[in-house]
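Report on one structure; see the data block that follows.
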Amino acid sequence: MTVRGAVLLSSYYALLTIPVVATNWSVDSLKYVNPLIGTTGGPKPGDSGGMVASVAPPFASVRWVVQTQNSFVSKTPFNYSEEYIDHGIVYGFMGTRQPAIWMGESGWVGIVPGMMKDSGGKIKAKFEDRMLTRVPGTEVFGVGMYNVELDIPDAEGSRVSVDMTATSRVGHFRFVFDSANSSSEHLPYIYLPTTRPATIFHTPDTFVTTFPNGTVEIHPSNSAFEICGSNEEMLDWIIAPTSIQEAASNFKGWYCARFDTESSNASIGHGIVQGDQQMEGATNGHGEQLGAYVLFGFPSSNSKLTVHVRIATSLISADQARVNLDQEIGDALATNIAATKAKTEAEWAEKVGRFNIVTGEGSDAQDIKTIFLTGVFHAMQYPYEVHEPRNGSADDHHYYSAYDNNIHVGNSYSGYSIWDTYRAEWALQLLLAPERIPGMIRSMLQDNDEGGRLPMWKNIIETNIMVGTHADSLLAEAVLKGFGPAVKSPTGEVESEATFTEEELRRMWATAWKDASTPPLNDTSTVYSDREEGVDYEARAANDIHSESVSRTLDYAYDDYALAVLSSLLPESITSSVASVPNVSQFLKERAFTNPWTVWNSDASAISSIDGGEIRGFVQARNASGEWADVTSGFTEGDRWVYSFALLHDIPGVIEHRGGNASFVRSLEEFFDGGWIDFTNEPAHHTPYLYALAGAPSYTQERVREMARMNYHNTPNGLTGNEDCGQMSAWYIFSALGFYPVNPVSAEYVVGSPFFSSLSVHLPVPPFVPRVPPHPSLTSSNKFYDAMTDSYVLRVVATDAETKPYVKGLTVNGRSVSEPVIRHEDIRYGGLLEFDMSDTPESWGGGRGAW
């Protein structure tokens, strides 16, 4: 094994440079973002949004949040609970890498202000003792800055005001300590908890406390006072595939905090805390329940002290954390927290500010706008950056891989909740963050190189959570939409420049084909369960012995279809490497359209609660003997109702097997009105759009609006299901635009019902669009190209959509559209969608014909 810290030059790939866009996008739109949406715990963890009201730029490596509870799998560090609303108890502030509520923390960083009586006092180091109380009316949540004023218990009425902002890898704080009076004997301190008792979650409901090790080093003699440290906490290590678990056990997260005061008064003390012991004057420590502190004195005849702290993070080393600090918030900006806020807000404006919404006067119009723009804020946070600047360059990156315990050159991302995000989140990122896509794809290829498989749910390491190999879908959809080999027109002009080298395309195909053709180890003897421990890569585990066999069969069939699409887009010289299969595209397509029907029971039925009639045909698990199993068996986060609609690539087949359009629509009505719909979980997200594919788009228009009203609100409990790394919000964003990618690798969108009278979005120009000579889409021949912002403008006009949910007619770029489907080609270079809205059901696209 290569020693930690060595750079593997052999793993160097072409690097993605994230361009700095010169356009100053307006930050005015940020006032409509409500970071509190989806931040409550709900009746139980699965009922909440699972979000935290954090500050950090898009796709940030670490998000900073006020801490209201201890975090572990099923609890995020911030929860806007009734208890917090009533009592406002704060335990400090945390830099978190926990990407979702059902995932674990990795290499967290903490900071806690406090005061103690004279220099011989005690630091409140234990979590339960660190309580600070929010001063009513002082808390402000923003995308670029969080502000609060806190009462410090047992400190004679003293307070501390806190301003918190962040760049991708560095948190920036301003603490203003305010003593009750100038004669107070209480002195301010800042404590950096470094290791803690960590709660490990074992399926199904066992929580075990462990004690990760860490290190701290205090550098009081540096030009600026520094505390650096590390911890080994990675809560999901226990579910890493066995083949990479040893490498993952070497994981560490580092930080380096630099202190600056606005007065000439330097620190007057420092020390290490470990458990119940406080070692004043100590400069280093290691082990469990560890932390470090710095103590300050108030300036002479002044009851206020201002301390600025920049906390840089790294997954490589403390020295790398210093590099990150100097790169992102250098010493010249140490006390200019406003500059950091402005930088972070500008990065968010580059995403949120691309949308311009004109909405009517409805009572909830502004709430809908807030839900929409907050959705953009949520969807552009994941996956998050793992790479860090190399040699002090913003364009040259390297990263630590927990797959093999080595340092590699390139870009890397984590937080790939792919079973959720392949549905619509990835399609949204292809449109709104195309500059990130090559790096995200290379990251997945590198995960395969370093660990052996493409990711399913990567949280620093692969975690084997959920089913299917939907990285296949991400690759296929990206290549389908331009991120692939060079493409020329029939007359020889370059339509798309190559995003990847031929060698990278070969690796892409090899890794994807491995998903389709190479079973995991011990495939026929391992019955994988959710978060199962002690197994290797799950990948496409055998579906005939598994408790989730129906879900797996359908997901694998869709992934086969995605790979058939991918194979048709790659050079034949690459796909022909599968010598055993002469026509690999046809082979995969046949499997994709055959296997789902092996779990379709045409005799299975249910009685409609609407009209008492019979609904026939459902998916159903089979026993090893081939006999049908119990109707409740075989499903992942769903049941036979929702999965009978889950053949995303063969909806016509489902319609046929349900007896045609009318009976299919009737079964959809029972699904929604009979109480089977569970929109809090992703398998249901596409179902409102299926009416339109069965000749009844007016029902889609009703159901989309209904699902939006029921499941999205401008409140802290405004997401009825987990955000799941942006998928919940991506559904809302596409639905508000008026279309949704039911089959992500079809390059088609099904038309629904737009939410706003007028909406425009300036889409970034993807990196594959030729610049020299300029592609026709970048010239005056494309009336949707805006040279001032170097963007393609997509405009959706639907006058009075706020009160008129039905579509009477649609024109796309001036062309009348009679069916409820638009193509990606219609919007990839901008476009104009003009909806004629109505307050009653219309006949457009079939209207209610099937019913």
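Numbering (the numbering used here), first residue to last: 131 to 981. Where a beta carbon is used, it is the ideal one built from N, C-alpha and C, also for glycine.
- In this structure, TRP155 sits away from ARG388, with a CB-CB distance that is not shorter than 8 Å.
- Sequence-distant Cβ neighbours of TYR686 in its own chain, meaning closer than 8 Å and more than five residues away, are GLY598, THR599, ARG670, ASN673, ASN725.
- Counting only residues of its own chain and dropping the five nearest sequence neighbours on each side, PRO900 has a CB closer than 6 Å to the CB of VAL624, GLU627.
- Within its own chain, the residues whose Cβ lies closer than 6 Å to the Cβ of PHE864, once the five positions on either side in sequence are excluded, are ALA554, TYR870, listed in chain order.
- Looking at the backbone, the Cα of THR339 and that of LEU420 are separated by about 16 Å.
- Taking every protein chain shown into account, the CB of VAL439 has 16 or more other CB atoms within 10 angstroms, so this residue is buried.
- Cβ neighbours of TRP384 within its own chain (closer than 8 Å, five residues either side excluded): GLY237, CYS358, GLY359, SER360, THR443, SER444, LEU445, ILE446, SER447, ALA448, GLN450, ALA451.
- In the assembly as shown, THR345 is a buried residue. Its beta-carbon has 16 or more other beta-carbons within 10 Å.
- Minimum Cα-Cα distance from LEU849 among the listed residues TYR162, THR153, VAL157, THR169 corresponds to THR169.
- Cβ neighbours of ASN578 within its own chain (closer than 6 Å, five residues either side excluded): LEU584, THR641.
- For GLY569, the enclosing alpha helix (DSSP H) starts and ends at 567 to 581.
- Residue pairing of ALA328 in beta bridges, as defined by DSSP: THR340.
- Between the alpha carbons of ALA310 and TYR319 lies a distance of about 16 Å.
- Look at TYR870 here: in three-state DSSP terms it is strand.
- Secondary structure in the region 204 to 233: the beta strand (DSSP E) runs of 3 residues or longer, each lying completely within the stretch, are 223 to 226 in chain order.
- Per DSSP, reduced to three states, the secondary structure at MET510 is coil, with no helix or strand assignment.
- DSSP, reduced to helix, strand and coil, places ASP293 within a strand of the structure shown.
- For LYS161, there are no CB contacts under 7 Å within the same chain when 5 residues up- and downstream are skipped.
- Taking C-beta atoms as the reference points, ASN164 and THR504 count as a pair closer than 8 Å.
- Between the alpha carbons of ASP854 and VAL182 lies a distance of about 12 Å.
- Contact check for LEU778 against VAL872 passes: the beta carbons are separated by less than 8 Å.
- Distance from the CA of ASN753 to the CA of PHE775, rounded to the nearest whole angstrom, comes to 22 Å.
- Counting only residues of its own chain and dropping the five nearest sequence neighbours on each side, THR654 has a CB closer than 8 Å to the CB of ALA672, ILE675.
- With respect to GLY851, ASN811 sits close: the two C-beta atoms are nearer than 8 Å.
- When DSSP assignments are scanned along the region 690 to 754, the uninterrupted stretches of alpha helix (DSSP H) that are 4 or more residues long and fall wholly within it turn out to be 702 to 705, 714 to 724.
- Beta-carbon to beta-carbon, THR705 and TRP771 are separated by about 37 Å, too far to satisfy the 8 Å threshold.
- With contacts defined as CB atoms closer than 8 Å, TYR552 and SER603 qualify as a contacting pair.
- By the Cβ-count criterion, ILE781 is buried, with 16 or more other Cβ atoms from all chains shown falling within 10 Å of its own Cβ.
- If you keep only unbroken beta strand (DSSP E) runs of at least 3 residues inside the region 442 to 493, you get 485 to 488.
- A direct Cα-to-Cα measurement between VAL784 and SER544 gives close to 35 Å.
- Cβ contact annotation for CYS386 (same chain, cutoff 7 Å, sequence separation greater than five): GLU356, CYS358, ALA442, ALA448, ALA451, ARG452, LEU455, in chain order.
- Per DSSP, the unbroken beta strand (DSSP E) holding THR941 starts and ends at 936 to 942.
- The region 266 to 277 makes no contact with the region 249 to 256; the number of CB pairs closer than 8 Å stays below 3.
- Under the 8 Å Cβ criterion, the region 790 to 808 does not count as touching the region 522 to 535, having fewer than three qualifying pairs.
- Every alpha helix (DSSP H) stretch that sits fully inside the region 529 to 564 and reaches 4 residues is listed by chain position as 548 to 551, 555 to 562.
- Rounded to whole angstroms, the gap between the alpha carbons of GLN576 and ILE590 is 13 Å.
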